[in-house]
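Below you can see the structure in the form of structure tokens.
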């Protein structure tokens, strides 16, 4: 479905705020960036800032990521019977975020922060850790109710472990898409790019097994 003009304008404002926050953090260190600084750089009012961001930290490091309500998640995953379960989980991630757009400037900036300001790692990675936990908690009972979707049932692997591994692969592949995003605007996180990341993870796992 094409993005509405209202949604596009909303995301443009979110991008402007996050770009301003990340640029300032890279220039002077994240601890020295204030909400006032971000508002000035993004050319938005303080009230507009807090309409879009819950805190200074959200603008700098990213918003919390939470899984859709279980009923909605079940509909999406059950409509994805024609794709591998990792791809179904990717669809859950995108639906939970609300869109498939990754802003290249923000993504690259946060990657630089991870490298140049190591004390930001916990804050930047926290949204993915919380989403991983919620996805796994959802997938364990879902796999128990849908054993036909299991891939490791014949390998004496527990449902908990299979769910954890499935989510780990999906979230890792999604994170690699973000890390690999370059340019100046929004880039769509496509299923084709996601599957390519999964294939590369499989190749790395195969190499490490030797």
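Residue numbers (the numbering used here): 7 to 216. Where a beta carbon is used, it is the ideal one built from N, C-alpha and C, also for glycine.
Distance from the CA atom of residue 66 to the CA atom of residue 27, rounded to whole angstroms, is 5 Å. Of the candidates 136, 19 and 90, the residue whose Cα lies closest to the Cα of residue 198 is 90. Under the Cβ criterion (8 Å, minimum of three pairs), the region 17-27 counts as touching the region 47-59.
Between residue 138 and residue 173, the C-beta spacing is below 8 Å. Bounds of any beta strand (DSSP E) do not take in residue 28; it lies within the alpha helix (DSSP H) bounded by 11-34. With respect to residue 68, residue 165 sits apart: the two C-beta atoms are not nearer than 8 Å. Where residue 193 is concerned, there is no enclosing alpha helix (DSSP H), although the beta strand (DSSP E) around it starts and stops at 192-194. DSSP places residue 181 inside the alpha helix (DSSP H), whose first and last residues are 165-185. Counting of Cβ neighbours within 10 angstroms places residue 192 among the buried residues, the total reaching 16 or more.
In this structure, the CA atom of residue 99 is about 12 Å from the CA atom of residue 78. Under the Cβ criterion (8 Å, minimum of three pairs), the region 139-151 does not count as touching the region 53-60.
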